[in-house]
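**Q** Under my numbering, the sequence shown has 93 at position 84, and the numbering climbs by one with no breaks. Ideal placement from N, C-alpha and C gives every residue a C-beta, glycine not left out.
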Amino acid sequence: MLEKCNEAVKGAHKYIKDSKAQDFLRQNKLCPPPKGHWTMTFSKVFSSEDLPKSFFGPLQSNEYWLTFSFTDGRDKKLGCARLWVDVCKYHLQDKAQKCLRDPNAFKNFINEISSQAEQIRNRG
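Shown next as structure tokens:
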């Protein structure tokens with residue numbers, strides 16, 4: 010499925026003459042990334058913008074192990090959290106796909122971690 014998606018995106022270049030649209034195709038991974046393990050280390054307070062654009066890509070359900078490492082900004086480790094995240098995306102009009110998960114759950118989760126990290130950083 011992923012290969013077919015990638016082929017379709019590559020083929021789209023032939024039909025798109027608009028330079029902005031071509032740049033968008035080149036810069037964004039429009040196909041869903043495969044399920045897998047991601048390790049992310051952040052040395053700053055982060056938000057959903059720090060994730061690859063494809064994470065919030067087209068209609069799909071993705072499952073990931075995310076490993077978060079936190080440092081004090083000087084490479085001293087503060088803590089580590091490993092979480093299983095299942096992100097489900099859907100169209101409200103799509104009645105066949107009964108996905109009831111909150112589409113903002115992951116964004117809310119990232120924002121929550123961000124604010125906690127900010128509080129810890131301000132204490133130090």
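Quick one: what's got a C-beta closer than 6 Å to Arg35's C-beta in the same chain, skipping five residues either side?
**A** The answer is none, since no qualifying residue turns up.
**Q** Is Asn120 helix, strand or coil when you go by DSSP?
**A** DSSP places Asn120 in helix when its eight states are reduced to three.
**Q** Locate the alpha helix (DSSP H) running through Lys29, then write down its first and last residues.
**A** First-last of the alpha helix (DSSP H) with Lys29: Ser28 to Gln36.
**Q** Rounded to a whole number of angstroms, what is the C-alpha to C-alpha distance between Asn117 and Asn131?
**A** Their Cα atoms are separated by approximately 21 Å.
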